[in-house]
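Protein chains in written order, with the numbering used here: chain A, 1 to 478; chain B, 479 to 892. Backbone N, C-alpha and C fix where the C-beta goes; we use that ideal spot for every residue, glycine too. Each remark here refers to the structure printed beneath this line.
What follows is the structure, given as structure tokens:
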């Protein structure tokens with residue numbers, strides 16, 4: 001039998017060959033290189049609660065780090081090396097305080113409690129505020145106050161206050177005054193700069209913007225069930241549009257490019273959605289094992305009760321009390337009747353956004369603000385028409401829209417449940433992983449999905465190739 | 479020295495391979511070297527698993543044994559369509575083996591036994607990859623036991639029939655990505671068996687030309703003894719994912735129709751051609767039936783697979799270089815049963831083109847050493863997941879696969 005003599009060289013070669021084959025390297029694939037078709041070296045984010053990273057009823061450093069502008073900026077950095085994004089970060093800790101989950105009620109609603117904020121330096125309590133005691137928490141000044149950050153999202157800032165002098169001056173921090181502590185911490189002490197002036201100053205050095213503002217104008221009215229805040233009439237919506245135009249004029253000056261996002265439908269927020277009339281009735285009937293209907297105060301005749309319709313919404317903050325026995329005076333005697341489930345103990349107007357006198361106003365205000373196209377004389381242009389005025393590129397080619405419709409691309413889809421990388425996202429608080437415990441702002445993963453919606457819009461409008469965020473790697477709560 | 483190895487680089491860069499479904503290839507070193515074109519090949523009793531009709535050709539007084547080990551490495555890379563992140567599967571070696579024995583009984587009959595591991599795969603993704611809630615690890619192992627009877631019909635024709643007893647083991651692990659805990663996962667594992675039939679015919683139409691036809695029926699693998707466990711689930715969802723519950727599933731392993739011819743062109747050179755049709759369309763969906771446990775009701779989790787029938791074309795050549803050394807070479811093309819719309823990271827497959835080589839060395843009069851190696855390349859496959867189809871868990875992206883198979887065994891005749 002012939003014996004093969006192996007030289008040292010060929011022996012090494014055989015071992016190396018075997019090793020190479022055995023390691024069986026994974027087949028090569030090139031990931032696409034991110035490209036961007038617009039200058040994003042200095043990105044400015046303008047907006048309110050969503051833009052700031054407000055989540056679960058408070059602002060914390062973690063929430064700010066997972067704000068959608070910050071997530072968007074991180075993805076843009078792949079295409080534009082060296083582009084920074086400054087935010088007015090709070091110190092690590094509980095920030096302004098926030099809501100955390102305690103447990104679930106028997107009916108499946110989350111119960112939350114407030115965690116105290118470490119960044120709170122003093123509070124101003126207004127016991128006589130419409131809708132109950134209002135607490136304004138003044139926060140420690142941002143470490144970079146004096147230099148305006150690139151994230152100018154201010155929680156709770158309505159468009160009606162963008163020109164309020166002293167909005168950020170804590171001398172005005174008294175009960176009931178127009179004062180915003182989140183804006184105050186961005187500015188040096190005792191400054192009377194208006195928000196519009198701040199945007200103008202910051203925009204001077206910006207090359208790209210996102211604008212997502214307007215919801216906080218409506219939230220006081222919605223959260224109080226129509227009791228507080230200005231009723232969103234057509235005049236109210238017109239004023240919103242005029243104020244938005246003031247900001248957008250500044251942002252788009254000099255041909256600056258950006259993304260304008262329309263407001264989502266108010267009924268897609270769990271604040272309303274969880275208490276949709278017909279579904280609530282069915283759920284309560286299953287929970288209590290009876291066939292009692294849900295009754296609300298008649299919007300035009302408060303002393304009368306009417307059965308809830310599928311277009312009326314009970315506020316999520318009031319849901320836990322529906323069905324509980326409360327004392328009601330009936331024909332002179334006091335009886336314990338289930339709240340909202342007996343026609344003699346209807347849900348108060350403050351707990352309900354009814355379709356005929358309140359929700360209709362909110363819906364038409366949002367639609368007006370988003371879509372008003374200038375065909376009617378003397379009616380200011382809505383966001384869609386403004387985007388066309390500023391010649392922003394088309395985002396939705398099928399409709400020719402130049403604004404990002406967050407309803408179509410995100411909120412509506414989440415309401416109908418979506419699956420991203422094998423994980424389901426829905427509009428249910430906690431389990432849905434999208435909305436946070438305050439029933440309208442988003443969790444870090446929700447902000448990731450919102451950032452991806454903006455990225456898809458940028459990719460379409462500016463012919464770019466920005467990678468999306470891997471949403472499932474973000475925390476579910478902050 | 480290093481320069482000479484450069485020819486190996488194309489093996490690892492570029493194309494990936496996928497196989498015709500999750501079959502592990504030819505179950506024998508010599509037929510692996512031939513590229514699997516073995517329906518009419520009688521030089522190795524490993525052909526018993528392909529065509530029981532060959533058994534009649536080994537009906538002389540010798541007892542033949544052939545056994546060995548097979549190792550398969552199938553590795554895929556993935557690039558996310560939206561995230562542009564590249565993930566490579568972890569390296570896994572799917573072990574397998576074969577054992578064949580044949581013996582003649584009288585002038586016309588012969589008996590044989592085949593133990594093989596014809597179906598199986600081991601997919602392992604890194605624990606934190608972007609599709610971890612779709613699948614992290616999935617493994618299937620099957621063992622086929624086939625006692626066979628062969629009949630020599632006349633000098634030229636023989637037929638055979640074998641009964642297939644199949645045993646299978648399946649595990650799957652995926653993360654519950656809706657929770658923050660990286661240890662939140664569900665794991666399914668089950669074992670079970672099934673039966674099937676394998677019939678074949680072999681004929682010699684001339685001194686140099688032979689043909690074989692065989693049909694192996696599908697095997698319904700009933701994995702009845704299974705457990706589904708969940709870990710890392712927050713207490714408020716304990717009813718949704720019970721810690722442990724019984725689960726059962728079944729896999730419809732496909733039928734195979736093989737047709738082949740063998741042509742001895744010169745006294746030293748044998749060419750074989752094979753064509754096989756595998757009936758993968760019986761694997762329509764994978765359903766996990768979970769028993770009720772704790773607060774959770776009995777449930778049925780179904781994932782559509784919609785496999786389609788697949789063809790394979792194989793060419794092999796064997797050259798008797800010296801009286802002791804025979805070398806084999808082969809080429810094959812295997813279609814994939816996986817449709818474009820149902821690409822799922824649990825098992826990646828594509829139409830594959832493969833090449834193989836082997837040798838058989840006669841160490842002694844009745845002992846031969848056999849070795850073979852095959853490499854398969856497949857095409858790029860792109861999966862598209864639709865978020866609004868929320869019941870379907872999947873990720874969008876492009877997959878490339880390479881498969882390496884090696885076998886080493888001995889053949890005895892005494």
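For residue i, three-class secondary structure by DSSP
i                      : result
residue 469 of chain A : coil
residue 304 of chain A : strand
residue 569 of chain B : coil
residue 70 of chain A  : helix
residue 721 of chain B : coil
residue 511 of chain B : helix
residue 605 of chain B : coil
residue 564 of chain B : strand
residue 748 of chain B : strand
residue 683 of chain B : coil
residue 650 of chain B : strand
residue 713 of chain B : helix
residue 97 of chain A  : coil
is_contact[residue i, chain B] using C-beta, thresh 8 angstroms
i                      : result
residue 3 of chain A   : Only weak support is given to the placement of residue 3 of chain A: the predicted model assigns it a pLDDT of 44, under 50, and the value that follows is read from those uncertain coordinates. No, residue 3 of chain A lies away from the interface with chain B (no Cβ there is under 8 angstroms from its Cβ).
residue 260 of chain A : no
residue 411 of chain A : no
residue 287 of chain A : no
residue 419 of chain A : yes
residue 384 of chain A : no
residue 6 of chain A   : With a pLDDT of 44 at residue 6 of chain A, under the threshold of 50, the predicted position of this residue should be treated as unreliable, and no value is reported.
residue 416 of chain A : yes
residue 74 of chain A  : no
residue 423 of chain A : yes
residue 476 of chain A : yes
For residue i, the first and last residue of its enclosing beta strand (DSSP E)
i                      : result
residue 795 of chain B : 788-798
residue 764 of chain B : 763-768
residue 209 of chain A : 208-212
residue 110 of chain A : 110-115
residue 777 of chain B : 777-782
residue 297 of chain A : 295-298
residue 950 of chain B : Outside the modelled stretch of chain B, which goes from 479 to 892, sits residue 950 of chain B, for which no answer is possible.
residue 480 of chain A : It is not possible to answer for residue 480 of chain A, since the shown part of chain A is limited to 1 through 478.
Boundaries (first-last residue) of the alpha helix (DSSP H) holding residue i
i                      : result
residue 198 of chain A : 195-203
residue 368 of chain A : 360-371
residue 183 of chain A : 181-184
residue 456 of chain A : 444-461
residue 247 of chain A : 234-251
residue 285 of chain A : 277-288
residue 26 of chain A  : It is not in any alpha helix (DSSP H) - residue 26 of chain A carries neither H nor E in the DSSP assignment.
Any chain A beta carbon closer than 8 angstroms to residue i
i                      : result
residue 634 of chain B : no
residue 857 of chain B : no
residue 820 of chain B : no
residue 535 of chain B : no
residue 865 of chain B : yes
residue 868 of chain B : yes
residue 872 of chain B : yes
Distance between beta carbons of residue j and residue i, contact taken as under 8 angstroms
i                      : j                      : result
residue 263 of chain A : residue 214 of chain A : 5 angstroms
residue 101 of chain A : residue 438 of chain A : With a Cβ gap of about 12 angstroms, residue 101 of chain A and residue 438 of chain A do not count as contacting.
residue 673 of chain B : residue 639 of chain B : Contact flag wrong, Cβ pair sits at about 13 angstroms.
Closer than 7 angstroms: residue i CB and nearest the ligand NAD heavy atom
i                      : result
residue 144 of chain A : With respect to small molecules bound, the structure shown includes none, and the ligand NAD cannot be examined in it.
Residue i at chain C interface by Cβ criterion, 8 angstroms
i                      : result
residue 519 of chain B : Of the protein chains in the structure, A and B, none is chain C.
Under 8 angstroms (Cβ pairs) to chain A, residues found in the segment 561-592 of chain B: 561, 562, 563, 564, 566, 567 and 569
Residues of the segment 426-453 of chain A with Cβ closer than 7 angstroms to any Cβ of chain B, in chain order: 433
Residues of the segment 611-645 of chain B whose Cβ lies closer than 9 angstroms to any Cβ of chain A, in chain order: 611, 612 and 613
Against chain B: residues of the segment 457-474 of chain A by CB proximity under 7 angstroms: 467, 468, 470 and 472
Chain A contacts made by the segment 657-687 of chain B, where a contact means CB separation under 9 angstroms: 657 and 658
Positions along the segment 541-555 of chain B whose CB lies within less than 8 angstroms of some CB in chain A: 551, 553, 554 and 555
Contact list for the segment 24-50 of chain A against chain B, Cβ threshold 8 angstroms: 24, 25, 26, 27, 28, 29, 30, 31, 32 and 34
Interface positions of the segment 55-72 of chain A facing chain B (Cβ-Cβ less than 7 angstroms), listed along the chain: none
Near-chain A residues of the segment 695-721 of chain B (beta-carbon distance less than 8 angstroms), N- to C-terminal order: 714 and 715
Short-range partners of chain B found in the segment 189-223 of chain A, where Cβ spacing is below 8 angstroms: none
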